[in-house]
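Residue numbers (the UniProt record's numbering): 1 to 215.
Listed below in structure tokens is the structure:
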């Protein structure tokens with residue numbers, strides 16, 4: 001994993017970043033939901049979503065490939081079809097699917113980079129939403145169209161929408177990596193700026209312990 005943090009939306013105020021259409025969203029009374037997102041290195045996307053109020057758990061893992069090659073060494077080869085992803089389990093009464101997508105596109109990663117994030121290159125770092133039902137697909141598709149029409153990014157969104165066949169948790173040492181290794185160089189260079197942007201733009205959406213100047 002290389003050091004880079006160049007997200008076109010990072011300098012766009014939240015007020016100018018389009019919101020998803022609420023009428024398409026998952027109902028608030030639907031019970032616990034999950035979404036599986038690929039946005040480059042899972043250390044950093046995991047760190048972002050662990051801070052969001054309503055998120056119960058975030059697990060780093062792999063999706064898009066088969067079980068026999070769902071391990072870090074194989075996935076890093078870029079030949080297995082997997083993407084590094086996070087599985088986010090959340091309460092839709094506190095955090096809507098649409099709002100989680102808004103954070104995904106504006107803070108968690110750069111959705112205009114094809115098969116890479118910064119200097120991390122390969123299909124395993126692709127921008128992807130792995131949907132598990134038609135409603136998720138429709139909400140995500142409509143939001144991507146809205147983002148492209150808004151011109152908030154200088155380039156088109158290249159995020160793929162892929163059916164979720166299976167989610168494979170990553171090795172234990174990858175879980176909660178940024179929180180356990182805050183001074184690791186990659187975490188400081190990539191995850192820390194995203195967390196700062198998250199607090200600046202979505203402070204009202206965060207768990208109290210993360211919306212703190214000392215967080």
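Every residue gets a Cβ at the ideal spot worked out from N, C-alpha and C, and that includes glycine.
Assigned with DSSP and collapsed to three states, residue 163 falls in strand. Taking a cut-off of 8 Å for Cβ pairs, the region 24-40 and the region 72-92 touch, as three or more such pairs fall below it. Closest by C-alpha distance to residue 106, out of 204, 211, 18, 210, is 18. In the three-state reduction of the DSSP assignment, residue 96 falls in the coil class, being assigned neither a helical nor a strand state. Secondary structure note for residue 198: its alpha helix (DSSP H) is the uninterrupted segment 192-202. Rounded to whole angstroms, the separation of the alpha carbons of residue 47 and residue 162 is 23 Å. By the neighbour-count definition (other C-beta atoms within 10 Å, threshold 16), residue 95 is a buried residue. For residue 37, the enclosing beta strand (DSSP E) starts and ends at 33-39.
The DSSP-derived three-state label of residue 55 is strand.
Membership of residue 130 in the beta strand (DSSP E) is indicated by the continuous run 127-131. The DSSP-derived three-state label of residue 111 is coil.
Among the bridge pairs identified by DSSP, residue 206 is matched with 52. Counted as a single uninterrupted DSSP element, the stretch harbouring residue 149 is not any beta strand (DSSP E) but the alpha helix (DSSP H) occupying residues 134-150.
Using a Cβ distance threshold of 8 Å, residue 62 and residue 55 do not count as a contacting pair. Beta-bridge partners of residue 88 (DSSP): 35, 58.
In this structure, the alpha-carbon of residue 142 lies about 10 Å from that of residue 98. Your pair residue 124 and residue 82 checks out as a contact, with CB atoms roughly 6 Å apart and the cut at 8 Å. For residue 169, the CB contacts under 7 Å within the same chain, skipping 5 residues up- and downstream, are 59, 61 in chain order. Taking each of 211, 192, 122 in turn and checking the Cα distance to residue 78, the smallest one comes out for 122. When the five nearest sequence neighbours on each side are left out, the beta carbons in the same chain lying within less than 7 Å of the beta carbon of residue 91 are those of 32, 54, 56, in order along the chain.
Taking residue 25 as the centre and dropping the five residues before and after it, the same chain places the C-beta of 96, 97, 98, 139 closer than 7 Å to its C-beta, in chain order.
Non-local beta-carbon contacts of residue 74 in its own chain, meaning distances under 6 Å to residues more than five positions away in sequence, involve 80 in chain order.
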